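Engineer: Mapping the sequence shown onto the working numbering, position 353 (from 1) lands on 1490, and the numbers just tick up by one.
No residue lacks a Cβ here, since even glycine has one placed at the ideal position from N, Cα and C.
As the structure is a prediction and not an experimental result, all values here were calculated from the model.
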Amino acid sequence: MRAGAGCGRGQLSLPSLLLLLAFLAAPHFTGGQLRYAVPEELEHGAFVANLGEDLGLDVSTLSARRFRIVTGAGVRQHLEVNLENGILFVNERIDREEVCETGGTCLLHLQLLVESPLELYRVEVEVLDINDHAPTFPWQEYVLEVAESAVLGARFPLESAQDPDVGTNSVHTYQLSPNSFFSLEVHTRSDASKFAELVLERALDREQQRTHRLLLTALDGGIPRRSGTAHVLVTVLDANDNIPAFDQPSYGVSLPEDAPAGTLVIQLNATDLDEGPNGEIEYSFSGHAPPSVRELFRVEPRSGQVLLKGPLDYERASLHELYVQAKDRGPSAVAVHCRVLVHLLDVNDNAPEVTLTSVSTPVQEDAPPGTVIAVISVLDRDSGDNGRVSCELSPSVPFELRSSFRDYYTLVTTEPLDREAVSEYNISITARDMGSPALLTRSTLTVPVSDVNDNAPHFLQPSYSIYVMENNAPGASICSVSALDPDCQQNAYLSYSITDGHIHGMPVGTYVSINSDSGHMYALRSLDYEQIRSFQIQVQAQDAGFPPLSANVTVHIFVLDQNDNAPVIVSPMPRNGSVATELVPRSAGPGYLVGTVSAVDADAGLNSRLSYQLLQATDFTLFSLAPDTGELRTLRSFLEQDAARQRLVVQVRDGGQPALSATVSLLLSVVETMPQTLSDFSNFSLPPEASSSSPLTLYLLVSLGSISFTFLLAILILTAIRCRGMRYPWQGDSCCCCPRTRRSPDGLKTSNLASQPGASVAAHLDVPDGGPPGYCYKLCLGPESAQSDFMFLKPCSLPRNNEKGPGNLPAAGKRSRPGQPLHGPKQIKQPNTDWLPPTVQRPALKSSQSLEDVGEIRRALQKEHERLCTLVTPVAEFQKASAGTNSVWAPQYGPLYSGHIPAPDYQHNVYIPGTPTLLSSKDGPLVPGRESKNSFSTFGKKKKMTTYYDMPDSVVINNDLK
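1. Does DSSP put residue 1522 in a helix, in a strand, or in coil?
2. Only counting the same chain, and skipping five residues up and downstream in sequence, which positions put a Cβ closer than 6 Å to that of residue 1362?
3. Do the CB positions of residue 1436 and residue 1457 come within less than 8 Å of each other?
4. Residues in its own chain within less than 7 Å of residue 1424 by CB, not counting five upstream and five downstream?
5. Using beta carbons (cut-off 8 Å, strictly below), is residue 1426 in contact with chain B?
6. Please say whether residue 1461 and residue 1477 have beta carbons closer to each other than 8 Å?
7. With residue 1807 as the anchor, note down where its beta strand (DSSP E) starts and where it stops.
8. With three or more C-beta pairs closer than 8 Å as the rule, is the region 1257-1277 touching the region 1303-1314?
9. Going by the CB atoms, is the gap between residue 1675 and residue 1635 shorter than 8 Å?
10. Whose CA, out of 1489, 1407, 1176 and 1562, lies closest to the CA of residue 1527?
11. Specify the secondary structure class of residue 1653 as computed by DSSP and reduced to three states.
12. Just the Cα atoms here: how many angstroms apart are residue 1451 and residue 1412?
13. For residue 1449 and residue 1403, I'd like the C-alpha separation in whole angstroms.
14. So is residue 1762 buried or exposed if we call it buried at 16+ other beta carbons inside 10 Å?
15. Out of 1660, 1610, 1541 and 1689, state which residue places its alpha-carbon closest to the alpha-carbon of residue 1596.
16. Apart from the five residues just before and just after residue 1687, which ones in its own chain have a Cβ nearer than 6 Å to its Cβ?
17. Measure how close the beta-carbons of residue 1499 and residue 1586 come, nearest whole angstrom, since I'm counting them as under 8 Å.
18. I'd like to know if the region 1699-1719 and the region 1612-1630 are in contact, where contact means that at least 3 CB-CB pairs between them fall below 8 Å.
19. Based on Cα-Cα distance, which residue from 1285, 1190, 1572 and 1386 lies nearest to residue 1342?
20. With a threshold of 8 Å, are at least 3 pairs of Cβ atoms found where one atom belongs to the region 1778-1794 and the other to the region 1728-1744?
21. Suppose you measure from the CA of residue 1782 to the CA of residue 1805; what does that come to, to the nearest Å?
22. Between the Cα of residue 1766 and those of 1606, 1757 and 1747, spot the shortest distance and give me the residue it belongs to.
23. Please classify residue 1722: is it buried, with 16 or more other beta-carbons within 10 angstroms of its beta-carbon, or exposed?
24. Using only the alpha-carbon positions, how far apart do residue 1429 and residue 1299 sit?
25. So for residue 1482, helix, strand or coil by DSSP?
26. So, for residue 1401: in the same chain, excluding its five sequence neighbours on each side, which residues have a beta-carbon less than 7 Å away from its beta-carbon?
27. Quick one: measure Cβ to Cβ for residue 1352 and residue 1335, integer angstroms, because I've assumed they're closer than 8 Å.
28. Do residue 1727 and residue 1773 have their C-beta atoms within less than 8 Å of each other?
29. Report the three-state DSSP secondary structure of residue 1191 (helix, strand or coil).
30. Are the Cβ atoms of residue 1803 and residue 1768 separated by less than 8 Å?
31. When the Cα of residue 1189 is compared with those of 1171, 1257, 1223 and 1217, which residue comes out closest?
32. Do residue 1180 and residue 1232 come within 8 Å of each other at the CB atom, strictly closer than that value?
33. Report yes if the CB atom of residue 1539 is closer than 8 Å to the CB atom of residue 1547, and no otherwise.
34. For a quick check, are the C-beta atoms of residue 1406 and residue 1377 less than 8 Å apart?
35. Can you tell me whether residue 1536 is buried or exposed, with buried defined as 16 or more other CB within 10 angstroms of its CB?
36. Can you look up residue 1393 in the DSSP assignment and give me helix, strand or coil?
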């Protein structure tokens, strides 16, 4: 053999190498184990040891006894045994830096196994390091900024060189090129690694020399020595006077190895007496912090917190040495350093590993006790009690574990096996360490046994409950049943079938089928939840043994509802086309119930839960729709600018997935008065089942009929009562609709036309005096209300020959008794707006019919040729007639004058309550009055506008409205 193979890079002489190999190849027995040493980088086939001789084995029987090295999965086979001579040799080149990443002793643990009889040996091979690597710096050139004010003796850490070799072959010292300003000091860390610091020996002068170029050399301790160099460029700067200072030069902290990333390791604090940027400190790792430290930890630059960055492992390194520097942000900043020692606390974080080395299965039923089934090895990477492992088996199995060597066990039988009792054994092997809390690993080993067909099949479940969605596709798989047979081979082959039966009078085979091999069941027809909701069948499993054995199981099939029925809107039902119409009074306030949208859904559960939504609207601020009840209500009162026709689109959606919906269009007409009609919201019929199962429909019809009859009867009685005392003068006593007004014996009675408190009105009205006190006015009432909705004022008898001069008008604001002439200034002031009825009594004349009536009144007034003289003054004694008002206004008589005022100008004193204008004597625009809202006495009734005609001069005053 070539004794010196693989040592080329070591540069050893041939005699020295032969002597070294002779010494290393000598066996070392330590505690019953063999231990050898071999240098790294040896070639393939290099001699390591003679195992046959050292173990005392017969070399001629090694091949027959299958002498071999046992390694775990994924482990490289660096060494191999020659079975012809028992020599252990190098199988592939060994790189110590690759095999052992950390320093210290590098060992290869070998387990040697020989059979007949089964014997196990352990061998340790130490890989010796050779000086095959030179020191290297991370960068070829470093820039170091030093302030010219730096004191003598100031130290500046330099980047450390890295050498993968260990011991004396690693970095041993540093050297600096000769110069008169700096010297070099080499220090040793706790792990024996070296790092260098520049020491200032002479004061710097930036004006004389701005830069200093130095050469740093790292030397290892190997033979021959290897070295690496790096250039150091020192730049002299003008910096601040104070440097940061840590609270202490060294810190120590303990950290469990299972600490998560982001854990705070330590809070560092450095202070700087400078202000501004020169006093703002930034923290970072120093230049000689190894890469392993930078991978595991990080430093927050502003706060000085040292945080955990990567996972820790006590088994790889129990101590980490961190060098952190603090540097201010001013120019020519000087960095100061501190050392942080992080001690890791061992945590039981590695569970034992169980490896089945050799398994002999299946086991014959007649195998004698003590038969070896398998060889098992366990390994725990923790240390101390955390790395001690004990193994145990699951209870009630005819096997046991016998310890053959440290961390190696053999699994043997303890009693004869019985296939009829157990067809196969699932042996659970539990490896538990001694840590706190203890970690364990379970590994299962299956040992099968053969027998005859003496076991019947059995299903995995006593019964099956299957849920199938309706409208399923015919032929689709709905479920799968499975049975087990403890027998094996043909005795365990099962076939599935469905027993004969009927479902709703039909054979079960017309509903479902089953695959005889797999047990998959298929639906042969599309199921309908509304027709059939559940049924059950019997499934049989039969093996292929002789005689065959079988077992049955019940399968319950439940049909689930699907959202296949869209909502149906039953109210409102459109009478013509696809739009439902409804009338809404303009006087309706917020919260007014317009109607209710009702719908039904034939599905069940959430699929029939309905919600209502307003999709479209002419004005979304005017109406709201309750999402649960479907009630349509107003959000606010109607305004003058609101459209008279409001179009709404209501959507009804169920709760299914996907949801189905239906829509209905509503056309709402905003009217001044409501007719006595039935809206589309009540024009619907219940489903047939609801009509036949409850008398609710009959009760509703009887109630509606009774209410309608009572309402019509009340209208007829009210009309008859009013017609008895009303008639028009030109029709004589035969009129039953327009009664003649009678003169009050006291001249005037209390009026119910009360002014609203706070109304903006004129104080008085002056009219010409003279002439007979023949002033007349008419109050016309609507059939639905006892209040006056319309007023018309006329002169009673105004002959032209009673005209007098303009000097006899009564004074403004004075009262005059009936029949007494009035005296005042000769002028006509603005009409008194205090004579307006309350707001709720004045319907706005906005419709075309109302404007037409006003035109007729205007034309009737233009035919008059007399003067209308009136004065409206507050009468204190009439306040008792209206307890809710501050004052009561009544018309007073006064003499008429017709000679000094033109005839067409008297019409501006005529006011129609409820209208927004005063009548003008000309065909020009109307004089604006007070705005008002509609007044509805009963929702659903429509008021009729009373037409007023010219009245003869003989009409007298009747102001009694009570």
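Structural biologist: Inspection of the coordinates gives the following:
1. Correct three-state label for residue 1522: helix.
2. Cβ contact annotation for residue 1362 (same chain, cutoff 6 Å, sequence separation greater than five): 1356, in chain order.
3. No, the Cβ-Cβ distance between residue 1436 and residue 1457 is not below 8 Å.
4. Shown here for residue 1424: same chain residues with a beta carbon closer than 7 Å to its own, the five before and five after excluded, namely 1294, 1295 and 1296 in chain order.
5. Any reference to chain B falls outside this structure, which holds one protein chain only.
6. It is a contact, given that the beta carbons lie within the stated cut-off.
7. Element bounds for residue 1807: 1798-1808.
8. With a cut-off of 8 Å, the region 1257-1277 and the region 1303-1314 count as touching, because enough Cβ pairs lie within range.
9. The Cβ-Cβ distance between residue 1635 and residue 1675 falls below 8 Å.
10. The shortest C-alpha separation from residue 1527 is found at 1489.
11. Note: residue 1653 maps to coil in three-state DSSP.
12. Rounded to the nearest angstrom, the two C-alpha atoms are 43 Å apart.
13. A straight line joining the alpha-carbon of residue 1449 with that of residue 1403 spans about 16 Å.
14. It counts as buried.
15. Minimum Cα distance to residue 1596 is reached at 1689.
16. If you ignore the 5 residues before and after residue 1687, its C-beta comes within less than 6 Å of the C-beta of 1677 and 1679, all in its own chain and listed in chain order.
17. Their Cβ separation, rounded to whole angstroms, is 7 Å, which keeps residue 1499 and residue 1586 in contact under 8 Å.
18. Touching, no, given that fewer than three Cβ pairs across the two stretches are closer than 8 Å.
19. Considering only alpha carbons, the answer is 1285.
20. Taking a cut-off of 8 Å for Cβ pairs, the region 1778-1794 and the region 1728-1744 touch, as three or more such pairs fall below it.
21. Looking at the two C-alpha atoms, the distance is approximately 6 Å.
22. Between residue 1766 and the set 1606, 1757 and 1747, the nearest pair of CA atoms involves 1747.
23. In this structure residue 1722 is buried. Its beta-carbon is surrounded by 16 or more other beta-carbon atoms within 10 angstroms.
24. Going by the C-alpha atoms only, they are around 12 Å apart.
25. Under the three-state reduction of DSSP, residue 1482 is assigned to strand.
26. Cβ within range, chain order: 1442 and 1444.
27. Not a contact, Cβ separation roughly 12 Å.
28. Taking the C-beta atoms as reference points, residue 1773 is found nearer than 8 Å to residue 1727.
29. Reduced to three states, the DSSP call for residue 1191 is helix.
30. With respect to residue 1768, residue 1803 sits apart: the two C-beta atoms are not nearer than 8 Å.
31. Minimum Cα distance to residue 1189 is reached at 1223.
32. Here residue 1232 is not near residue 1180, since their CB atoms are 8 Å or more apart.
33. Closer than 8 Å, so yes.
34. Not in contact: residue 1406 and residue 1377 (Cβ atoms no closer than 8 Å).
35. The residue in question, residue 1536, is buried, as its Cβ has 16 or more Cβ neighbours within 10 Å.
36. If DSSP states are grouped into helix, strand and coil, residue 1393 belongs with the strands.
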